[in-house]
Amino acid sequence: MRTRLLIGACGAVIALYGAFLELSRQDAGQWLEVGIWFGAGVAGHDAALSALVIGVCLLGSRLLPEPWRAPATIALVVWGTVTVVAVPVLTRAGARADNATLLDRPYLATWWAISAIVVVLVAVAGLVRSRRPRARE
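Set out below in structure tokens:
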């Protein structure tokens, strides 16, 4: 319980510091833009991404055997997070013809490699879990 309180207190301090920086270094017009961005991000996440993940997990719980469910769910969360974070570089947002050093790496190939690693790890975890003897209840 103390650990949770300590982690929560650290999070609150970091949030307050972020709020202080926002209020002290931005003008009022920028506050509105940040509020809109934050509100749209939360609404977009709650309306679209959360519903999609819940739907896929429910479908997976019906289609996948029990030993494969946890690895597949973990993989969905990891792969989804990596994909959302990688969208700006995968779409090459911000790339400029006059600066070849921006976005100069094989981001799509890296994303495919990470996706393949996730699939392999799900397969290994699913096979290991399916071969384990089940405990009696």
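Numbering (full-length UniProt numbering), first residue to last: 1 to 137. All C-beta atoms in this analysis are idealised placements derived from N, C-alpha and C, irrespective of residue type, glycine included.
Nearest candidate by alpha-carbon position, reference residue i, set the options
i: L102; options: T110, V89, G8, V78; result: V89
i: T83; options: S115, R105, L58; result: S115
i: L64; options: A19, T3, V122; result: V122
i: R134; options: A113, E66, G18; result: E66
Whole-angstrom C-beta distance between residue j and residue i, which should lie under 8 Å
i: P71; j: G126; result: 5 Å
i: L76; j: V53; result: 7 Å
i: S130; j: W68; result: 7 Å
DSSP bridge partner residues for residue i (one or two, in chain order)
i: R96; result: N99
Whether residue i touches residue j by CB criterion (8 Å)
i: A86; j: W111; result: yes
i: T81; j: C57; result: no
Same chain, Cβ closer than 8 Å to residue i, neighbours up to 5 away in sequence not counted
i: W31; result: E22, L23
i: R96; result: L102
i: L59; result: none
i: V119; result: A75
i: S61; result: R69
Min CB distance residue i to chain B below 8 Å
i: S24; result: Protein chain content of the structure displayed is limited to a single chain, and chain B is not contained in it.
Same chain, Cβ closer than 7 Å to residue i, neighbours up to 5 away in sequence not counted
i: Y107; result: A86, V89, L90
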